[in-house]
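S.K.:
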Amino acid sequence: MLYLPSHRVFSARFVFCCCHDFERSAAIRDRLRINNRIRAREVRLIDENGAQIGIVSIRDALSMAEERGLDLVEVAPNAVPPVCRILDYGKFRYEQSKKEREARKNQKQVEVKQIRLEPKTDDHDLEVKAKQARRFLLEGDKVKFNLRFRGREIFHQEIGLEMLERMAEELRDISVVEQRPTMEGRVLTLLLAPNQKAKTQAQRERQQQTSRSTTSSVAKVSAPASDAAPDDQADEED
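Residue 694 is where the sequence shown starts when you use the numbering used here, and the numbers rise one by one after that.
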């Protein structure tokens, strides 16, 4: 049998949804004062083309906006006097919301990448793990090294500590130690976080090195052609 909600339940849900949508719209609208909600007597006015009009009374500013079929928006309420701009508020609010959505979309969520190690990990594997950690750090993620001791290995924690300190030293050019080596049960952990300043500097140095390598390669390719020119000229004279 099909169940239909009672009239009271339906009405309550309708009122709740309407109130929720109204509150959300009001929150967006309350970010800026517009038109008659502006309280200042005088404002510094900017027109719809970005031109500075100067300090005018709020009455004159509202009249200019109304004549253009646009809104008067208080864009800098803390200035003395407040700064207002003539614009299409509906279009302005849409563009601002679009920018906020794009900013949230492009904002990277920082993750903690886990890398496992053992006291028996050899030098080659450590190099591979370091390269993997470097890639994660350059992408903006944190890296947590987990070195697990098995059996009697727990009595030689200094081996694991030395290994983690070696990894921290290997990656110090692009990272900072957020949490020093710490024992968690039978696991020794080390947490590294990206160092934005060092990361930018490292990327700049790599780009410069790549540019120098490219220039050197081009010079080597072009050198034989210039050396061959006198020989060709000598053949023509003969």
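We put the CB at the ideal spot given by N, CA and C, even for glycine.
1) Can you check the region 773-848 for any alpha helix (DSSP H) of at least 4 residues that lies completely inside it and give the ranges in chain order?
2) Between which two residues does the beta strand (DSSP E) harbouring I731 extend?
3) Based on the DSSP output, what are the partners of P887 in its beta bridges?
4) On the CB-based measure, 16 or more other CB atoms within 10 Å of its CB, does E767 come out buried or exposed?
5) Per DSSP, which residues does A769 bridge with? Please list them.
6) Closer than 8 Å is the cut-off here; do at least three beta carbon pairs connect the region 873-880 with the region 839-852?
7) Leaving out five residues on either side along the sequence, give the residues of the same chain with a beta carbon under 7 Å from the beta carbon of I731.
8) Identify the continuous beta strand (DSSP E) that holds R747 and give its terminal residues.
9) What does a CB cutoff of less than 6 Å around L881 pick up in its chain, not counting 5 residues either side in sequence?
10) Please report how far the alpha carbon of N729 lies from the alpha carbon of E793, in whole angstroms.
11) By DSSP's criteria, E877 is part of a beta bridge. Which residues make up the other side?
12) Judging by CA-CA distance, which residue of R879, R859, A826 is the nearest neighbour of F848?
13) Where do the N-terminal and C-terminal ends of the alpha helix (DSSP H) with L857 fall, by residue?
14) Any idea if I1001 is buried or exposed, counting beta-carbon neighbours within 10 angstroms, 16 or more meaning buried?
15) How many whole angstroms separate the CB atoms of P812 and E846, which I take to be in contact at a CB cut-off of 8 Å?
16) Measuring only the C-alpha atoms, how far is V805 from K835?
17) Could you check if A754 is buried or exposed, using at least 16 other CB atoms within 10 Å of its CB as the buried criterion?
M.R.: With the given structure in hand:
1) 782-799, 816-831
2) Careful: I731 lies outside any beta strand (DSSP E) and carries neither H nor E.
3) S868
4) buried
5) V776
6) yes
7) I751, L765, E767, C777
8) Per the sequence shown, residue 747 should be read as Gly rather than Arg. Unbroken beta strand (DSSP E) run through G747: 745-750.
9) L840, G853, P874
10) 27 Å
11) V880
12) R879
13) 850-863
14) Since the first residue shown for the chain is 694 and the last is 931, residue 1001 is missing from the structure and cannot be characterised.
15) 5 Å
16) 5 Å
17) buried
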